[in-house]
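>
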Amino acid sequence: MYKIDVNDYFKYCQKQDFDSLIEKAETLIDMDMGKLSRNCDTKLVEEVIKYLPYLSELEQERYINVIHDFTDYGKKKLEAELKKLKEADIILNAKEDKTENIKPELSQEEKEEAIRKLKSHTLLYDIGKILEKIGLVGEEKNKRMLYLICTTRLMSVALQPVFKAESSTGKSHQVKMVLKLMPNDCWKEISHATPMSFYHVADKSLQHKILFISEIHGMEGTNYPLRLIQSEGYLSIQITVKNPNTGQFETQEKEIQAMGLCIIITTTKESIHCENETRSISLYPEDTAEQRDRIKETQASKYDEDYQGEPLDEIVGWRNIQKCIKPYRVIIPYARDLAKAFPNNKARTNRDFPKLLSGIEVSTLLHQHQRQKKVVNGEEKLIASVADLIIAKELLEESLISTLDELHPNSRILLDIIKSKPEQWWTIKQLLKKVKYKASWLHKYLNPLEEAGYIDCDGIKGGPNLYKYIDSPEKQNVFPDKSVIQEFYKKEKKENPDLVVYNPITGEIISNL
217 MYKIDVNDYF KYCQKQDFDS LIEKAETLID MDMGKLSRNC DTKLVEEVIK
267 YLPYLSELEQ ERYINVIHDF TDYGKKKLEA ELKKLKEADI ILNAKEDKTE
317 NIKPELSQEE KEEAIRKLKS HTLLYDIGKI LEKIGLVGEE KNKRMLYLIC
367 TTRLMSVALQ PVFKAESSTG KSHQVKMVLK LMPNDCWKEI SHATPMSFYH
417 VADKSLQHKI LFISEIHGME GTNYPLRLIQ SEGYLSIQIT VKNPNTGQFE
467 TQEKEIQAMG LCIIITTTKE SIHCENETRS ISLYPEDTAE QRDRIKETQA
517 SKYDEDYQGE PLDEIVGWRN IQKCIKPYRV IIPYARDLAK AFPNNKARTN
567 RDFPKLLSGI EVSTLLHQHQ RQKKVVNGEE KLIASVADLI IAKELLEESL
617 ISTLDELHPN SRILLDIIKS KPEQWWTIKQ LLKKVKYKAS WLHKYLNPLE
667 EAGYIDCDGI KGGPNLYKYI DSPEKQNVFP DKSVIQEFYK KEKKENPDLV
717 VYNPITGEII SNL
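Numbering (the working numbering), first residue to last: 217 to 729.
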């Protein structure tokens, strides 16, 4: 046996010669299998078994049968060895991922403390305050909304957020801060993946997990499998494997279950692939002078003489509440009223309306120790409160509106400026004075307005482009009128006098809607 460069090989050999080599080729496991015999050295058997954890369950069973036939090893002994290898592999992966040692259950004290937090009448407000304490300042809506979105991994269908903003606006920082309040074994960050990589993960390893993809535009090839996961909750692929009994190649179907997978994406682009866009909900970091001052103040505070680092005990305590949230089916009594109020002027609303319902569902799930329960056909279900509707309205409304009209908030800012003087033709120089950004920023958010037909561009040869207002997309209501919500509140208050409704941003208890 010797090595040869593939280019040199094809100087002297034909395609059929290479095909013949491929047909005769053996995998490492098959090469080692050829060394097995009755009464062979135990080490040879162990060499073969070490490959099995990386094969499908069907292949594992086949190889165990063949090893049993070739050697004196009993099947139960082989299966026990395989189980040990699988457990060792899980421990190794946990160390490589730098995750914490996951205890199978919380102590009684930890559980009681977590449930005490879950019973707080200002739960989401409290979550925002601990996030501020560990370094996520400002972003009052985004950080609470992102926490809710991460919690949707516990549901059958998770929300799929896309953070869109310029570089250095803190997109990834926000995500990483919120992930600190999630159990370490439920999320993973990736910076690159090939189109086929998602088809070869272990089955169910993506179920009810969070996948953080920082800058999606480095991974364009993954758009198709990602949107399949988002729509179907699983991936399916046919692969060719070699049957160890016959030596022939066979086609098998491999299915990767990914129910409840929450995929968080950040991008500097104003939009992602159009098919993926309709499956996502858009988030926009706050990019203001005030927010930049808050961030600098937080960065500087880490160099104070009394700075003691992050409150790790508190982080773990808040992380534990995620381990105490039980899965429930949720009943939304006012769902049909929401359907009537939701816009129906675009086909994509069929995908956007479930996002609104998911926002209410996850709020109900998070506040499960404060919500009423009902047994239906032997199954205990949670009943959404009007409080969950108000929380969803406060946190999700702006994002849902931006998602529906498909306009980045920066584009709408420019549109409002141009609209303020509808008869005027605006130059780039005039617009730059208004927004105080670079020309590249301006063109990035002007172009979508022109493409959508909201502004007209008159380019003069040798002169500047001029922009004029044509039409404006009206902001669409995605929630019922205030009077309708008040009726929901009055009705529920009669049935449940202890009803508490609070503002998740201010923590203020709303006593009169």
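Ideal Cβ positions, reconstructed from N, Cα and C, are used throughout, including at glycine.
#1: If we ignore side chains and look at the alpha-carbon of each, how far apart do V651 and P559 end up?
#2: In the DSSP assignment, the alpha helix (DSSP H) including P625 goes from what residue to what residue?
#3: CA-CA distance, I548 and P570?
#4: Answer yes if the region 439 to 454 comes into contact with the region 399 to 414, meaning at least three C-beta pairs across the two stretches below 8 Å, and no otherwise.
#5: Using DSSP with H/G/I as helix, E/B as strand and the rest coil, what is N358?
#6: If you drop the 5 nearest sequence neighbours on each side, which residues of the same chain put their C-beta closer than 8 Å to that of Q584?
#7: Using the three-state DSSP reduction, which class does S452 fall into: helix, strand or coil?
#8: Starting from E348, trace the alpha helix (DSSP H) in both directions and tell me its first and last residue.
#9: Just to confirm my understanding: we take K357, look at its own chain, exclude 5 residues before and 5 after, and list those with CB closer than 6 Å. What are they?
#10: Relative to the C-alpha of D714, which residue among C673, E614, V602 is closest?
#11: Determine contact between the region 584 to 595 and the region 325 to 339, defined as no fewer than three beta-carbon pairs at a distance below 8 Å.
#12: Could you compute how far the alpha carbon of S580 sits from the alpha carbon of D604?
#13: Are the region 631 to 643 and the region 679 to 686 in contact at 8 Å, needing three or more beta carbon pairs?
#14: Mind checking which residues open and close the beta strand (DSSP E) that includes T258?
#15: What are the uninterrupted segments assigned as beta strand (DSSP E) that are 3 or more residues long and contained completely in the region 578 to 620, given in chain order?
#16: Can you check which of these residues, K590, D553, V591, is closest to L573 by C-alpha distance?
#17: Hey, S388 and T482: beta-carbon distance below 8 Å or not?
#18: In whole angstroms, give me the CA-to-CA distance for K654 and I617.
#19: Over what stretch of residues does the beta strand (DSSP E) that includes S498 continue unbroken?
#20: Which stretch, first to last residue, makes up the alpha helix (DSSP H) that contains R510?
#21: Evaluate contact between the region 497 to 507 and the region 350 to 370, counting only Cβ atoms and requiring at least three cross-stretch pairs below 8 Å.
#22: Taking L729 as the reference, give the member of E711, T722, K710, K698 with the closest Cα.
#23: Please state whether DSSP places V417 in a helix, a strand or coil.
#24: Indicate the three-state DSSP secondary structure (helix, strand or coil) for T368 in the structure shown.
#25: Report the residue from I453, F704, K458 whose alpha carbon sits nearest the alpha carbon of K470.
#26: Take H659 as the anchor and find which of L630, Y670, T368 has the nearest alpha-carbon.
#27: Let me check understanding here. Comparing Cα to Cα, which of D233, T367, I283, K293 lies closest to K251?
#28: So T619 packs on S498, CB below 8 Å; how close in whole Å?
#29: If you compare alpha carbons, which of N255, C673, M249 is closest to I280?
#30: Return the Cβ separation of S496 and V378 in integer angstroms, given the expectation that the two are a contact with Cβ distance under 8 Å.
#31: Pull up the distance between the alpha-carbon of K291 and that of E466, whole angstroms please.
#32: As a quick exercise: from K420, T484, I346, pick the residue whose alpha carbon is nearest that of S383.
#33: Within 10 Å of its beta-carbon, does H624 have 16 or more other beta-carbons around it, so buried, or fewer, so exposed?
#34: How many angstroms separate the CA atom of I307 from the CA atom of E295?
#35: The beta strand (DSSP E) with I429 in it runs from where to where?
#36: For M247, does the count of other Cβ atoms within 10 angstroms reach 16, so buried, or fall short, so exposed?
Here's the rundown:
#1: As a working note, residue 651 is residue 435 in the sequence shown. As a working note, residue 559 is residue 343 in the sequence shown. When rounded, the distance between both Cα atoms is 31 Å.
#2: The sequence position of residue 625 within the sequence shown is 409, counting from 1. Its alpha helix (DSSP H) spans residues 625 to 635.
#3: As a first step, residue 548 must be located in the sequence shown, where it is residue number 332. As a first step, residue 570 must be located in the sequence shown, where it is residue number 354. Cα to Cα, the separation comes out at about 12 Å.
#4: Short answer: they touch.
#5: The residue labelled residue 358 in the question sits at position 142 within the sequence shown. Three-state DSSP puts N358 in a helix.
#6: For this step, residue 584 is matched to residue 368 along the sequence shown. Same-chain partners within the cutoff: L334, I541, K542, Y544, L598.
#7: On the sequence shown, residue 452 is found 236 positions in, with the first residue counted as 1. Look at S452 here: in three-state DSSP terms it is strand.
#8: Translated into the one-based positions of the sequence shown, residue 348 becomes position 132. From DSSP, the alpha helix (DSSP H) with E348 extends over 339 to 349.
#9: For the purposes of this step, residue 357 is identified with residue 141 of the sequence shown, where counting begins at 1. Correct list, in chain order: L611.
#10: To locate residue 714, count along the sequence shown from 1; it is residue 498. Selected option, being the one with the closest Cα: V602.
#11: With contact defined as three or more Cβ pairs closer than 8 Å, the region 584 to 595 and the region 325 to 339 are in contact.
#12: In the sequence shown, counting from the first residue as 1, residue 580 sits at position 364. In the sequence shown, counting from the first residue as 1, residue 604 sits at position 388. Inspection of the sequence shows that residue 580 is occupied by Thr rather than by Ser. One Cα belongs to T580, the other to D604, and the distance between them is close to 6 Å.
#13: Result yes; three or more Cβ-Cβ pairs closer than 8 Å.
#14: Looking up residue 258 in the sequence shown gives position 42. Where T258 is concerned, there is no enclosing beta strand (DSSP E), although the alpha helix (DSSP H) it sits in stretches over 258 to 265.
#15: Entirely contained in the region 578 to 620, the beta strand (DSSP E) runs reaching 3 residues are, in chain order, 589 to 592, 595 to 599.
#16: Indexing the sequence shown from 1 puts residue 573 at position 357. Of K590, D553, V591, the residue nearest in Cα terms is D553.
#17: Counting from one through the sequence shown, the residue named residue 388 turns up at place 172. Counting from one through the sequence shown, the residue named residue 482 turns up at place 266. A contact, by the Cβ cut-off of 8 Å.
#18: On the sequence shown, residue 654 is found 438 positions in, with the first residue counted as 1. On the sequence shown, residue 617 is found 401 positions in, with the first residue counted as 1. Computed Cα separation, rounded: 27 Å.
#19: For the purposes of this step, residue 498 is taken as the residue at position 282 of the sequence shown. Note, S498: beta strand (DSSP E), 497 to 499.
#20: Indexing the sequence shown from 1 puts residue 510 at position 294. First-last of the alpha helix (DSSP H) with R510: 505 to 517.
#21: The region 497 to 507, when compared against the region 350 to 370, does touch it at the 8 Å Cβ threshold.
#22: Here the question's residue 729 lines up with position 513 in the sequence shown. When the alpha-carbon of L729 is set against those of E711, T722, K710, K698, the nearest one is in K698.
#23: Residue mapping note: residue 417 aligns to position 201 of the sequence shown, counting from 1. Three-state result, V417: coil.
#24: Taking the first residue of the sequence shown as position 1, residue 368 is located at position 152. Looking at T368 - three-state DSSP - the assignment turns out to be helix.
#25: Within the sequence shown, the letter at position 254 stands for residue 470. Comparing Cα-Cα distances from K470 to each of I453, F704, K458, the minimum goes to I453.
#26: The count along the sequence shown starts at 1 and reaches residue 659 at position 443. Comparing Cα positions, the closest option is L630.
#27: Start at 1 with the first residue of the sequence shown, and residue 251 comes out as number 35. Out of D233, T367, I283, K293, I283 has the C-alpha closest to the C-alpha of K251.
#28: In the sequence shown, counting from the first residue as 1, residue 619 sits at position 403. In the sequence shown, counting from the first residue as 1, residue 498 sits at position 282. Right, their Cβ atoms sit about 5 Å apart.
#29: Residue numbering aside, residue 280 sits at position 64 when the sequence shown is read from its first letter. The residue with the shortest Cα to Cα distance from I280 is M249.
#30: Translated into positions along the sequence shown, residue 496 becomes position 280. Translated into positions along the sequence shown, residue 378 becomes position 162. Indeed they touch by this definition, with Cβ atoms about 5 Å apart.
#31: Numbered from its first residue, the sequence shown carries residue 291 at position 75. Numbered from its first residue, the sequence shown carries residue 466 at position 250. Spanning the alpha carbons of K291 and E466 requires a straight line of approximately 24 Å.
#32: Walking along the sequence shown from the start, residue 383 turns up at place 167. Scanning K420, T484, I346 for the CA closest to the CA of S383 turns up T484.
#33: In the sequence shown, counting from the first residue as 1, residue 624 sits at position 408. It counts as buried.
#34: Within the sequence shown, residue 307 is the residue found at index 91, counting from 1. Within the sequence shown, residue 295 is the residue found at index 79, counting from 1. Caution applies to I307, whose pLDDT of 42 falls short of 50 and renders its modelled position unreliable; the model cannot decide the point.
#35: Looking up residue 429 in the sequence shown gives position 213. Start and end: 426 to 430.
#36: For the purposes of this step, residue 247 is identified with residue 31 of the sequence shown, where counting begins at 1. Under this definition M247 is an exposed residue.
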